[in-house]
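Residue numbers (our numbering): 5 to 366.
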């Protein structure tokens, strides 16, 4: 890992987006592993966050992504009421090309070397089977299969939490949490998105979907021959006439200077991390009268699920905790109205307060 520019160092040490406690650069030449583990905060407890496996264009981009994602996990875990700080790891490379048992074992050894300061799980490009391999070298691994003492696929409760966030947005905006007959656009029907469609259709919502993978769209359409339609791409989805709710469920940056001005939906509530492309987008949404349910609040069902593995997994207990995302989201909307700020800023204030109060007085 070389050529990390001053831009990344500035983010880490001197910007408001920094403040990370520790960043670990990992390399195992034998397996081809190059990874970054970023710990943003352990004020509330051991940092918890997934492992992203992605073909970054540069090492600098990978480090920047790890820093950004780790910071987001601190806020997510705080708002979820977990006794965990925020961390994230990224493995550099195309998982379809370089992922191997040897690489995952090497990665597990690096996580284990942190002695429990970081607890890992699945993210983009990693799956339950991968965590089973990592766990052979590292006991601080969650998102494992039930056969190996884990909770299995965390996308089940991630989608459930997003669904609860949508219900809260509907309650706040329209005075009724029901999504029946609401038109919801889901961008990305992979791990989380296709479960979200199940919740929406069960309640009687009309759903419009899109995904870069045709097979993912086809799976959803085949399962729901009525009540679900598709459009060519996200550009078409956000312009769909009569859209009530837009759910970005793929990669981040979906809300930007190009998408916000043409968005037809009254609500944005989705599973993707880091949906706001840059500071200021949350105000642009508010200025257009679009209610934004902060991503790290509504997509916390998955981290609630994997955190529970550390205490002996119980699905019903986790689902009950994930149900509280409804109340948490409503509380954020109320705080935003009270303080005269966008919901994203209100969520940040609440999370920062919890982390600050957790820090020991020196």
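Just so it is clear, CB atoms sit at the ideal spot from N, CA and C, and this is done for glycine as well.
Would you say residue i faces chain C, with C-beta separation under 8 Å as the test?
i: residue 346; result: Of the chains in the structure shown, none is chain C; there is only one protein chain.
Look at the alpha carbon of residue i and the alpha carbon of residue j, and state the distance between them as a whole number of angstroms.
i: residue 153; j: residue 310; result: 11 Å
i: residue 338; j: residue 205; result: 28 Å
i: residue 304; j: residue 320; result: 16 Å
i: residue 150; j: residue 73; result: 27 Å
i: residue 244; j: residue 137; result: 43 Å
i: residue 133; j: residue 15; result: 34 Å
i: residue 13; j: residue 28; result: 13 Å
i: residue 254; j: residue 65; result: 19 Å
i: residue 359; j: residue 256; result: 24 Å
i: residue 229; j: residue 221; result: 12 Å
i: residue 213; j: residue 189; result: 6 Å
i: residue 297; j: residue 201; result: 18 Å
i: residue 290; j: residue 38; result: 40 Å
i: residue 144; j: residue 124; result: 7 Å
i: residue 341; j: residue 135; result: 41 Å
i: residue 350; j: residue 164; result: 23 Å
i: residue 234; j: residue 97; result: 31 Å
i: residue 334; j: residue 271; result: 13 Å
i: residue 355; j: residue 306; result: 18 Å
i: residue 26; j: residue 182; result: 44 Å
i: residue 361; j: residue 219; result: 47 Å
i: residue 67; j: residue 158; result: 25 Å
i: residue 266; j: residue 240; result: 10 Å
i: residue 128; j: residue 55; result: 7 Å
i: residue 24; j: residue 176; result: 35 Å
i: residue 343; j: residue 126; result: 36 Å
i: residue 236; j: residue 191; result: 11 Å
i: residue 242; j: residue 288; result: 16 Å
i: residue 353; j: residue 302; result: 16 Å
i: residue 86; j: residue 101; result: 35 Å
i: residue 11; j: residue 324; result: 42 Å
i: residue 155; j: residue 216; result: 29 Å
i: residue 22; j: residue 69; result: 12 Å
Do the CB positions of residue i and residue j come within less than 8 Å of each other?
i: residue 35; j: residue 104; result: yes
i: residue 231; j: residue 211; result: yes
i: residue 314; j: residue 146; result: yes
i: residue 57; j: residue 130; result: yes
i: residue 207; j: residue 184; result: yes
i: residue 225; j: residue 121; result: no
i: residue 174; j: residue 180; result: yes
i: residue 336; j: residue 347; result: yes
i: residue 53; j: residue 83; result: no
i: residue 249; j: residue 276; result: no
Check the C-beta distance from residue i over to residue j and give it rounded, since I have them as a contact under 8 Å.
i: residue 187; j: residue 259; result: No, residue 187 and residue 259 are not in contact; Cβ-Cβ is about 19 Å, not under 8 Å.
i: residue 273; j: residue 169; result: 5 Å
i: residue 141; j: residue 109; result: 5 Å
i: residue 90; j: residue 51; result: 6 Å
i: residue 94; j: residue 40; result: 5 Å
i: residue 227; j: residue 264; result: Not quite, the Cβ-Cβ distance comes to about 31 Å (not below 8 Å), so this is no contact.
i: residue 92; j: residue 300; result: That pair is no contact at about 12 Å.
i: residue 160; j: residue 203; result: Wrong, their Cβ atoms sit about 10 Å apart, outside the cutoff.
What residue range does the alpha helix (DSSP H) around residue i cover?
i: residue 352; result: 347 to 362
i: residue 224; result: 218 to 227
i: residue 341; result: 329 to 343
i: residue 201; result: 197 to 207
In the DSSP assignment, find the beta strand (DSSP E) that holds residue i and state where it starts and stops.
i: residue 210; result: 210 to 214
i: residue 188; result: 187 to 191
i: residue 235; result: Note, residue 235: premise wrong, no beta strand (DSSP E); not H, not E.
*Only counting runs of 4 or more residues, tell me where the alpha helix (DSSP H) segments fall wholly within the region 97 to 176, in order along the chain.*
Listed in chain order, the alpha helix (DSSP H) elements of length 4 or more contained wholly in the region 97 to 176 are 99 to 102, 105 to 116 and 132 to 138.
*Enumerate, from N- to C-terminal direction, the unbroken beta strand (DSSP E) stretches of 3 or more residues contained entirely within the region 242 to 318.*
Qualifying beta strand (DSSP E) stretches, in chain order: 249 to 252.
_Complete runs of the beta strand (DSSP E) confined to the region 20 to 100 [at least 3 residues]_ = Counting whole runs of 3 or more residues, the region 20 to 100 contains the beta strand (DSSP E) stretches 26 to 32, 37 to 45, 55 to 58 and 89 to 96.
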